[in-house]
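Residue numbers (full-length UniProt numbering): 1 to 289.
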């Protein structure tokens with residue numbers, strides 16, 4: 001399939017999980033009505049961003065994957081014949097948790113999951129308190145409409161993650177995200193941070209000749225204004241969609257997968273790579289561990 005229609009759901013959340021899940025399902029339906037074939041939800045969409053604090057009570061938000069949320073999403077995916085990318089707080093076992101994204105195919109089949117590899121620990125983003133780093137490696141999923149790669153939020157800052165996922169055969173690279181500005185920051189700092197966030201991901205599109213889809217949340221939660229700004233970049237990093245910083249948006253954007261062949265042929269960053277030249281650096285990091 002040459003062209004695929006991508007639905008991006010940028011929304012605010014509340015404390016009640018059931019309310020957020022119902023809202024997300026309605027937005028999946030809305031995207032499907034607009035012609036979406038693949039719908040991506042933001043990071044940890046069933047709750048407020050609870051990692052703003054280290055609170056043991058928040059572990060109760062986690063659930064098994066597959067589990068209740070994926071079951072509900074599978075039903076709507078099958079009914080509306082859309083692929084859904086759903087980022088959830090996974091309880092893997094007693095006392096063992098991951099930041100995980102599940103992929104549901106257009107017939108409702110659960111295709112598998114990716115567990116976030118890079119875990120931040122910053123003021124207001126205490127994810128290492130909650131999440132064990134992913135142990136599944138990087139993943140691609142062969143859906144009805146395209147082979148997709150999934151990375152999650154903080155993975156955005158690491159070019160190796162994007163390169164590996166692209167080399168595994170991803171035709172589209174998705175980043176469910178939850179990132180925002182501290183309310184105490186000035187506008188210059190806000191702009192600089194957002195531009196860095198967008199630039200690093202657009203660079204992954206350029207370096208790998210692959211469309212990049214980043215989906216963020218909006219709204220004020222615990223001293224943070226989540227900056228929205230969800231976007232889609234084509235395989236040469238040009239923006240073909242950008243959301244506002246404040247509003248909830250469910251938008252469908254068409255992507256031509258054949259563009260990757262054009263850009264990779266004319267700017268052959270993948271073809272010209274020298275994997276053997278990476279070995280000394282790789283060995284150095286392994287030895288340091």
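We put the CB at the ideal spot given by N, CA and C, even for glycine.
Check	Outcome
Under the three-state DSSP convention, the category residue 243 falls into	coil
Rounded distance between the beta-carbons of residue 178 and residue 226, thought under 8 Å	7 Å
Nonlocal neighbours in the same chain, by C-beta distance under 8 Å from residue 271, ignoring five residues either side	264
Backbone CA spacing between residue 289 and residue 269 [nearest angstrom]	Note on residue 289: pLDDT 45, under 50, position unreliable in the model; the coordinate value appears next. Roughly 30 Å separates the two Cα atoms.
Pick from 29, 85, 59 that is closest to residue 172, judged by C-alpha positions	85
Cα-Cα separation between residue 9 and residue 94, rounded to whole angstroms	32 Å
C-alpha gap between residue 135 and residue 2, whole angstroms	33 Å
The region 186-204 contacting the region 157-172, beta-carbon criterion three pairs below 8 Å	yes
Same chain, Cβ closer than 8 Å to residue 52, five either side skipped, listed in chain order	124, 125, 126, 221, 222, 223, 224
Nearest candidate by alpha-carbon position, reference residue 152, set 143, 137, 174, 141	174
DSSP three-state assignment for residue 198, whether helix, strand or coil	helix
CA-to-CA distance, residue 30 to residue 285, given in whole angstroms	The predicted position of residue 285 is uncertain, since its pLDDT is 44 and thus under 50; a value taken from the coordinates is nonetheless stated next. For residue 285 and residue 30, the distance between alpha carbons rounds to 46 Å.
Cβ-Cβ distance between residue 112 and residue 141 below 8 Å	yes
The region 97-113 touching the region 76-83, judged by at least three CB pairs closer than 8 Å	yes
Cβ distance (whole Å) where residue 241 is taken to contact residue 253 below 8 Å	4 Å
Inside the region 145-171 only - alpha helix (DSSP H) runs reaching at least 4 residues	159-167
CB of residue 97 within 8 Å of CB of residue 59, strictly	yes
Length of the line joining the Cα atoms of residue 13 and residue 219	8 Å
Limits of the unbroken alpha helix (DSSP H) element including residue 20	17-33
Reference residue 233, options 248, 261, 200, closest by Cα	200
Residue 116 - DSSP class collapsed to helix/strand/coil	coil
Minimum length 4: unbroken alpha helix (DSSP H) runs contained in the region 53-123	68-80
Contact under 8 Å by Cβ, residue 176 with residue 215	yes
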